[in-house]
Each structure stands twice: as C-alpha cells, then as structure tokens.
Amino acid sequence: MNHVVCIAYVPDTETKVKIGGDGKSIDETDVKWIVSPYDEYALEEALKTREAKGGTVTVLTFGPARADVGLRECLARGADEAVRIASDGLGETDSLGVAQLLAAALKGMKADAIWMGSKGVGTDAGVMVSMVAELLDLPNVNLVTKVEWKDGAVTLWREVEGGREVVESPLPCVIGAHKGLNEPRYASLKGIMAAKKKVIAVKKPADLGVDPAGITGEKAAVRWTKLELPPARQACKLIPADDPQKAAEELLRLLRDEAKVL
Amino acid sequence: MAFSGVDFYQIEALLSDEEKAVRDLVRDFVDSEILPIIEECAWEGRFPRELVPQMAALNLFGATIPEYGLPGLDNVAYGLIMQELERGDSGLRSFVSVQSALVMYPIYTYGSKAQKDRWIPALAKGEAIGCFGLTEPDFGSNPGGMRTVARKDGSSWVLNGAKAWITNGSIADVAVVWAKAGGPDAPVRGFLVEKGTPGFTTSEHRMKMSLRASVTSQLAFEDCRVPEENVLPGVEGLKGPLSCLTQARYGISWGALGSAMATYTCALDYAKSRKQFQDRPIASHQMVQEKLAFMITEITKGQLLALQLGRMKDGGTMRPHHVSMAKRNNVWVARECARLAREILGANGIVGEYPVFRHLANIESVFTYEGTHDIHTLVLGQAVTGIPSYNPPAE
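Chains as they are written, first to last, in the numbering used here: chain B, 116 to 377; chain F, 4 to 398.
As structure tokens, this is what we get:
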C-alpha cells in the first residue's frame with residue numbers, strides 16, 4: 116500500500132500571535148513553525164501501516180521553502196519521500212486553492228490511502244479532508260481514532276457527538292486523523308541523518324497544471340479582510356469576604372446589576 | 004511551557020539544519036519525558052531506568068559512531084544532545100556520557116573486533132549498560148597512583164583492587180576497568196569485566212546529596228579472573244583512560260550550559276512574574292537585572308566556547324587543554340547561574356517545585372568530577388607556561 120500524508124507546517128501552538136502590519140495576516144517574526152499536531156497522528160498511522168503491510172509513505176505539503184524543515188522532520192520519522200508544492204511568490208490563496216493544488220499533486224501519486232490531520236492548527240478551518248476528497252471524487256472519513264485494514268477496504272472508527280461511528284470505505288480514500296488515533300513516535304538521530312541525504316521534490320503550481328491566477332487574489336473564494344486579537348481579558352473583581360453575609364449580598368448585586376445574569 | 008532555547012547572540016545561525024534538528028528532537032524528548040518525572044526521581048534517589056529503551060530508540064547512545072548502524076553525528080550535534088539532556092538533569096546526562104564516551108568510545112576505539120561486535124550493538128540498544136572504572140577511593144586527580152592491579156595467570160588476568168565514584172556501577176552489565184597490568188609499576192590497561200564475574204562486587208554510595216537521579220557505586224575486585232580476550236588490545240598506559248575522559252569532558256562542557264540555561268530561564272520567568280513593592284515585578288529591580296545580565300553574558304560566552312571547541316574537534320585540531328578550558332569555564336558558569344537563580348527565587352529556590360535547587364546540588368558534583376575545576380586550572384597553567392605544577396618536581 117502506498118500512503119500519501121498531507122501535512123501543514125504551522126505556527127507552534129504556544130506562539131503568541133501578533134497581527135501583521137496589513138491588519139489581515141499574522142506577523143511571522145519570531146514564529147516557531149511545527150508540523151501540525153493532527154498531521155502527526157496521520158503520519159504515525161501511515162508509518163505503522165507500512166511497517167505492518169509494506170509499501171511507501173510520501174509526505175506532501177504546500178508552503179514556502181521553510182516548510183522543507185517540516186518535511187525533513189517527517190522523513191526523519193521514517194517517511195520515504197517528500198514533495199513540496201511551492202507557495203513562494205504565489206500570493207494569497209484560500210483553503211479551496213490549497214485543496215486544488217494538493218488534489219492536482221495527488222492525481223499523479225497513485226495513493227491507496229491519503230492521510231491528513233482532521234484539521235490544521237493554523238487557520239483551523241477543518242475543510243481540507245472533504246475538499247480534497249471531493250476534488251478527487253474519493254470517499255472521505257474524518258475525525259478517525261481507529262483503523263482496521265481489509266482487502267481493498269478499510270474500517271474506520273470516527274468520533275461523533277456522544278459516541279463512535281464505525282464506517283467502511285473502499286480504497287483509495289481520504290482519512291482525517293484525530294487525537295487518540297495513536298501516540299506519534301519521536302524521530303531518531305539515525306533518521307535525521309538519513310533524511311539529510313534525501314531530496315525533497317519541489318513542484319510549482321504550473322507543473323501540476325494549476326493556473327495560479329485562478330486560485331489567488333480576486334479568484335480566491337475566501338479572502339481575509341481583517342484579523343483581530345481577542346479582547347484582553349478584564350481583571351478579576353475580588354469581593355472581600357470578611358463578612359460572608361455582606362459578601363453574598365454584594366455578589367448578588369453584581370450578578371444582577373453589572374453582569375445582568377440574574 | 005516548552006523550552007525555546009537561549010540564544011542572545013544569533014548562535015543559531017552557526018548551526019547546520021541537522022544540528023538544529025538533533026537538538027530539537029532531544030529538547031522535545033527532555034520536555035515531554037524527563038522534566039515531568041525528574042524532580043520525583045531525584046527526591047526518591049531513583050535512576051529512571053524506564054527511559055533507557057526510549058533513549059536507545061532515539062539513538063542517544065554512541066551517537067557519534069559511524070558504524071554498527073549508528074548515526075555518526077558530528078561533535079557539535081553530540082554536544083547539543085548533552086546540552087539538552089543536562090537541561091533536564093545532570094544525572095541523566097551523566098548516564099548518557101558514561102554509556103557513550105566512557106564505555107562505547109573505548110570499546111569502539113581500542114577494542115578487538117569480537118569485543119566491538121559483542122558490546123557496541125548491545126550498548127547502543129540499551130540492552131547492556133556500561134560503567135567506567137578509573138577513580139579509586141584514594142586516587143582521584145592522580146589516577147596514575149592507582150592500586151588496582153591485574154596479574155597474568157595462564158591465559159587470564161586476575162584483578163585485585165577497588166574503584167570509587169563509578170556512575171552506573173551497580174546497574175552495569177559491563178565495566179571498563181583500568182588496572183596496572185603486571186604489577187604496581189606496570190602500565191595501565193583496560194579490562195572488560197562482566198557483571199556476575201566471580202570476585203567482582205559493587206555497592207552504592209549512600210546518602211548522596213547530588214546527582215540523586217543517577218547511580219554511583221564502588222567496584223571491588225577480589226581475585227577476579229578475566230580472560231585475555233577481555234583486555235582492550237588497542238591501548239596501553241594512562242592515555243587510554245585519559246582519552247576517554249577527554250571525550251566525556253567535551254560533552255560536559257556542553258552539558259553544563261544546559262544546566263545553566265535551565266536555572267537562568269527559570270530565574271528570568273520567575274523575576275518577571277514575581278511582584279514585590281508597588282506591584283512591580285522583581286525583574287524591574289537593578290540588583291535582579293545585574294544577576295540576569297551576568298547569567299546571560301556568561302552563558303553566551305560559554306556557548307561560543309563550546310561551539311568552537313566542537314568545530315575544532317570535528318576538524319581534528321582539538322587538544323585536551325582546549326577541553327579543560329571549556330569544561331572548567333562552563334561548569335563554573337552553571338554553578339554561578341544555579342546560585343544566582345536560587346537567590347532570585349528566594350525561598351522558592353529551595354523547593355522541588357522549581358528545578359533550581361536540584362541543578363544547584365547536581366552541579367556541585369560536576370564541578371569536581373571529570374577533572375576538578377582546580378586540576379583543569381593547572382592543565383591550562385601548564386598549557387600556557389609549559390611548566391607542569393601538579394607533578395612532584397623530580398629532584
């Protein structure tokens with residue numbers, strides 16, 4: 116079986132996000148970039164399956180040159196090959212644009228299973244699994260926490276509100292990995308040294324038959340117009356509790372008059 | 004909160020992508036696997052042996068060896084591993100130092116093919132643990148005075164003597180033991196003594212106040228018979244053990260920076276959040292700033308010292324006195340940082356809720372092991388004057 120794992124190289128979840136000068140992007144200075152944690156579950160499951168059943172694992176991303184570091188990290192964990200669709204100089208695109216690029220690349224890759232995290236932790240849109248599947252006319256199953264392989268098919272457990280759903284899908288299909296699917300491995304030092312020798316295939320949108328003009332600028336279905344940080348949290352109001360009776364009265368008054376919840 | 008590194012001088016730009024990847028891997032491992040348990044381990048005086056298979060899976064043992072399927076890292080990458088491990092705990096770093104630099108290095112460098120084939124893979128996988136026996140109860144800085152002797156008897160050697168302050172001693176499957184081979188005036192040779200060999204016993208040093216998450220033992224040899232094929236064939240004389248110590252000390256010069264980074268970042272975070280007088284953080288006080296400025300300056304100087312030392316080691320131009328300078332300086336830096344951090348934290352500097360006191364206690368061992376601070380001073384003195392001060396003058 117051949118697996119392709121689509122990864123997103125995103126700001127570390129501990130990043131203190133700052134808004135960029137244009138008011139609609141984040142300031143990337145001092146941002147530490149990581150492979151999106153949900154994508155790590157996807158990669159781990161693909162690696163485990165390859166170890167059990169043979170085949171190959173290829174990682175695929177869309178991004179600027181810095182994303183090569185993320186791809187190398189995946190190679191160090193054991194992926195066989197890596198492909199980057201270059202975003203350099205492309206201009207602003209949206210989820211659908213990225214999905215079109217990934218789908219175009221995937222068409223030439225003969226994957227039995229296409230993996231992604233259930234969502235990236237960048238924009239958190241959570242649409243890539245279904246968009247890519249739709250563009251490739253493949254089944255997709257998202258929020259997957261358990262996988263069992265059959266001949267030419269796969270049984271997948273997915274988290275739903277208040278329970279788990281068990282579905283079967285033919286192959287190939289697109290699988291969105293969710294927290295709980297597995298415990299991602301660490302890379303090894305040997306893996307890092309082996310990854311150093313591998314060549315990352317870099318493709319331009321035009322190489323994949325996608326016209327950049329069709330997925331950027333005015334042609335993007337979704338455009339960012341404004342980005343704002345959440346309002347700073349207000350300081351706590353402490354009620355002195357020297358006299359419990361008075362403190363309770365004051366609390367009731369505040370809940371009624373100020374918070375207006377009573 | 005994950006550790007984001009200490010880099011005041013854009014030293015990051017001097018590292019290769021692989022060196023950064025190696026460091027980040029070990030950094031992540033330390034944050035996720037070591038820091039959550041280490042305070043308890045140190046408190047209980049327990050070596051977290053459960054981490055050995057994980058460390059082996061990461062290839063932390065023998066990481067610079069280019070054969071036996073090992074990574075063959077450069078020495079800067081190796082140093083960065085030591086830095087991150089000791090940011091976790093000096094005892095954990097000591098374990099890896101001993102396994103790699105004091106056991107795998109001499110077997111790989113001076114061992115026979117059979118010795119290498121038997122031990123290097125097992126030690127790399129963590130299936131075997133090693134220790135290094137040089138120091139004796141009465142001979143520390145002057146190893147040449149050692150009393151442990153090996154007497155040839157037929158096709159084997161018979162060892163008698165005692166070793167002290169041996170990291171991993173009681174848990175080791177193989178001990179690299181240095182003894183005078185043939186009598187008290189004979190040259191020193193290395194013997195691989197396996198656990199369970201009749202006449203070989205170990206006992207732990209009790210009541211240690213430092214390196215509590217690491218095992219430290221005495222080794223005793225009483226008519227302990229070792230076959231000839233367990234002698235390291237490739238070296239004779241003190242240069243054998245001393246060359247191993249050069250490797251280990253090189254790692255310590257990086258490791259100590261990790262300890263210093265841990266106490267510095269803890270003190271910095273604390274100073275920014277702790278408020279006294281008009282609700283201002285103590286980081287706004289000049290005396291606290293002076294301490295932090297000292298710490299970051301000394302750490303930065305230490306980083307540059309270690310990095311250039313590593314580049315020299317990779318280039319084949321590093322000499323033992325270069326290592327002495329970095330070990331001496333950087334452990335001193337770590338010791339000063341631990342002390343200053345403990346002052347900044349006030350009472351919180353003595354409790355296990357923060358890592359400061361553990362590092363403070365640990366670094367006391369590091370200050371005098373692997374060549375005491377003072378002995379390294381004398382090595383440097385000899386290097387610049389050409390006059391050795393610590394050998395009794397021959398009259």
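Every residue, glycine too, gets a C-beta built ideally from N, C-alpha and C. Predicted model only: the values in this text are computed from it and were never measured.
* Asked: Helix, strand or coil: how does DSSP classify residue 89 of chain B here?
  -> Only positions 116 to 377 of chain B appear in the structure, and residue 89 of chain B is not among them; the question remains open.
* Using a C-beta to C-beta distance shorter than 7 Å, which residues of chain F count as neighbours of residue 245 of chain B? -> Numbered from its first residue, the first sequence carries residue 245 of chain B at position 130. Those do not exist, as residue 245 of chain B stays about 31 Å from chain F at its closest Cβ, beyond 7 Å.
* To do: Return helix, strand or coil for residue 314 of chain B, following the three-state DSSP convention.
  => On the first sequence, position 199 is the one that residue 314 of chain B refers to. Assigned with DSSP and collapsed to three states, residue 314 of chain B falls in coil, not helix or strand.
* Same chain, Cβ closer than 6 Å to residue 391 of chain F, five either side skipped, listed in chain order -> By one-based count along the second sequence, residue 391 of chain F stands at place 388. Here the set comprises 385.
* Report the three-state DSSP secondary structure of residue 185 of chain B (helix, strand or coil). => Taking the first residue of the first sequence as 1, we reach residue 185 of chain B at position 70. DSSP places residue 185 of chain B in helix when its eight states are reduced to three.
* Which residue comes first and which comes last in the alpha helix (DSSP H) that contains residue 303 of chain F? -> Here residue 303 of chain F corresponds to residue number 300 of the second sequence, with the count starting at 1. Here the alpha helix (DSSP H) through residue 303 of chain F covers 289–318.
* Residue range of the beta strand (DSSP E) that includes residue 255 of chain B -> Walking along the first sequence from the start, residue 255 of chain B turns up at place 140. First-last of the beta strand (DSSP E) with residue 255 of chain B: 255–265.
* Asked: Mind checking whether residue 264 of chain F and residue 9 of chain F have CB atoms under 7 Å apart?
  -> For the purposes of this step, residue 264 of chain F is identified with residue 261 of the second sequence, where counting begins at 1. For the purposes of this step, residue 9 of chain F is identified with residue 6 of the second sequence, where counting begins at 1. Contact flag set, yes.
* Residues near residue 236 of chain F by beta carbon distance below 6 Å, same chain, minus five either side -> Reading the second sequence from its first residue, position 233 is the one you call residue 236 of chain F. Within the same chain, 115 come within 6 Å of residue 236 of chain F by CB-CB distance, once the 5 residues on both sides are set aside.
* Asked: Between residue 17 of chain F and chain B, is there a C-beta pair that is closer than 7 Å?
  -> Position 14 of the second sequence, counting from 1, holds the residue named residue 17 of chain F. Not a single CB atom of chain B sits nearer than 7 Å to the CB of residue 17 of chain F.
* **7 Å Cβ cutoff met for residue 251 of chain B and residue 218 of chain B** => As a working mapping, residue 251 of chain B is identified with position 136 in the first sequence. As a working mapping, residue 218 of chain B is identified with position 103 in the first sequence. Taking a C-beta distance under 7 Å as the contact criterion, residue 251 of chain B and residue 218 of chain B qualify as a contact pair.
* the region 210–218 of chain F / the region 148–156 of chain F touching (three or more Cβ pairs under 8 Å) -> Result no; under three Cβ-Cβ pairs closer than 8 Å.
* In chain order, what residues of the region 171–200 of chain B put their CB closer than 8 Å to some CB of chain F? -> Against chain F - using a Cβ distance shorter than 8 Å - the residues of the region 171–200 of chain B are 184, 187, 188 and 191.
* Asked: CA-CA distance, residue 351 of chain F and residue 245 of chain B?
  -> Locating residue 351 of chain F in the second sequence gives position 348, where the first residue counts as 1. Locating residue 245 of chain B in the first sequence gives position 130, where the first residue counts as 1. Taking the straight line from one Cα to the other gives about 52 Å.
* Asked: Who does residue 156 of chain F pair with in a DSSP beta bridge?
  -> Locating residue 156 of chain F in the second sequence gives position 153, counting from the first residue. For residue 156 of chain F, which the question treats as bridged, DSSP gives the partners F:159.
* Asked: Okay, do the region 156–176 of chain F and the region 225–239 of chain F touch, 3+ Cβ pairs below 8 Å being the bar?
  -> Cβ pair count under 8 Å is three or more, so yes.
* Length of the line joining the Cα atoms of residue 30 of chain F and residue 287 of chain F -> As a working note, residue 30 of chain F is residue 27 in the second sequence. As a working note, residue 287 of chain F is residue 284 in the second sequence. One C-alpha to the other measures close to 30 Å.
* **Euclidean distance between Cα positions of residue 340 of chain F and residue 52 of chain F** => Counting from one through the second sequence, the residue named residue 340 of chain F turns up at place 337. Counting from one through the second sequence, the residue named residue 52 of chain F turns up at place 49. One Cα belongs to residue 340 of chain F, the other to residue 52 of chain F, and the distance between them is close to 29 Å.
* **Where residue 139 of chain F falls: helix, strand or coil (DSSP)** => Here residue 139 of chain F refers to the residue found at position 136 when the second sequence is read from its first residue. If DSSP states are grouped into helix, strand and coil, residue 139 of chain F belongs with the strands.
* **Top-ranked residue by Cα proximity to residue 126 of chain F, from F:71, F:298 and F:200** => In the second sequence, residue 126 of chain F corresponds to position 123, counting from 1. Measuring from the Cα of residue 126 of chain F, the nearest candidate turns out to be F:71.
* Is DSSP giving residue 117 of chain B helix, strand or coil here? -> Position 2 of the first sequence holds residue 117 of chain B. It is a strand residue.
* To do: Evaluate the contact criterion for the region 165–182 of chain F versus the region 248–260 of chain F: three or more CB pairs, one atom per stretch, below 8 Å.
  => No: the two stretches stay apart, fewer than three of their Cβ pairs being nearer than 8 Å.
* To do: Report back the beta-carbon spacing between residue 156 of chain B and residue 292 of chain B to the nearest angstrom; my notes put them in contact at under 8 Å.
  => Taking the first sequence and counting its residues from 1, one reaches residue 156 of chain B at position 41. Taking the first sequence and counting its residues from 1, one reaches residue 292 of chain B at position 177. Contact flag correct, Cβ pair sits at about 4 Å.
* DSSP three-state call for residue 360 of chain F: helix, strand or coil? -> Sequence index remark: in the second sequence, residue 360 of chain F carries index 357 (1-based). Of the three classes helix, strand and coil, the one that applies to residue 360 of chain F here is helix, per DSSP.
* **Inter-residue Cα distance where the pair is residue 58 of chain F and residue 255 of chain F** => As a first step, residue 58 of chain F must be located in the second sequence, where it is residue number 55. As a first step, residue 255 of chain F must be located in the second sequence, where it is residue number 252. Going by the C-alpha atoms only, they are around 18 Å apart.
* N-terminal and C-terminal residue of the beta strand (DSSP E) that residue 255 of chain F is part of -> As a first step, residue 255 of chain F is located in the second sequence; it is residue number 252 there, counting from the start. First-last for residue 255 of chain F: 242–276, but that is the alpha helix (DSSP H), not the beta strand (DSSP E).
* What are the start and end residues of each continuous beta strand (DSSP E) run of 3 or more residues lying completely inside the region 223–257 of chain B, in chain order? -> 228–232, all fully within the region 223–257 of chain B.
* What do you get for residue 370 of chain F, buried or exposed, if any count of 16 or more other CB atoms within 10 angstroms of its CB means buried? -> Within the second sequence, the letter at position 367 stands for residue 370 of chain F. Residue 370 of chain F is buried by the Cβ-count criterion.
* To do: Determine the contact status of residue 90 of chain F and residue 313 of chain F, defining contact as a CB-CB distance below 7 Å.
  => Position 87 of the second sequence holds residue 90 of chain F. Position 310 of the second sequence holds residue 313 of chain F. Result no, Cβ atoms of residue 90 of chain F and residue 313 of chain F do not sit closer than 7 Å.
* Of the residues B:228, B:285 and B:289, which one's Cα is nearest the Cα of residue 242 of chain B? -> Looking up residue 242 of chain B in the first sequence gives position 127. Checked all of B:228, B:285 and B:289; the closest Cα to residue 242 of chain B is B:289.
* Which residues of chain B have a Cβ atom closer than 8 Å to the Cβ of residue 20 of chain F, listed in chain order? -> Along the second sequence, one-based indexing puts residue 20 of chain F at 17. By Cβ distance, chain B contributes 184, 187 and 311.
* Could you give the DSSP three-state label for residue 379 of chain B: helix, strand or coil? => Nothing in the structure corresponds to residue 379 of chain B, since chain B is present only between 116 and 377.
* If we call anything under 7 Å between Cβ atoms a contact, is residue 118 of chain B one with residue 161 of chain B? -> Your numbering for residue 118 of chain B matches position 3 in the first sequence. Your numbering for residue 161 of chain B matches position 46 in the first sequence. In contact: residue 118 of chain B and residue 161 of chain B (Cβ atoms closer than 7 Å).
* Asked: Any contact of the region 376–385 of chain F with the region 279–298 of chain F, i.e. 3+ C-beta pairs under 8 Å?
  -> Inter-segment contact for the region 376–385 of chain F and the region 279–298 of chain F is absent: fewer than three beta-carbon pairs are separated by less than 8 Å.
* Asked: For residue 363 of chain F, which residues from the same chain have a beta carbon less than 7 Å from its beta carbon, with the 5 sequence-adjacent residues on both sides left out?
  -> By one-based count along the second sequence, residue 363 of chain F stands at place 360. Here the set comprises 341, 342 and 345.
* Checking contacts by CB at 7 Å: is residue 116 of chain B closer than that to chain F? -> Against the first sequence, residue 116 of chain B aligns to sequence position 1. With its beta carbon at least 7 Å from every one in chain F, residue 116 of chain B lies outside the interface.
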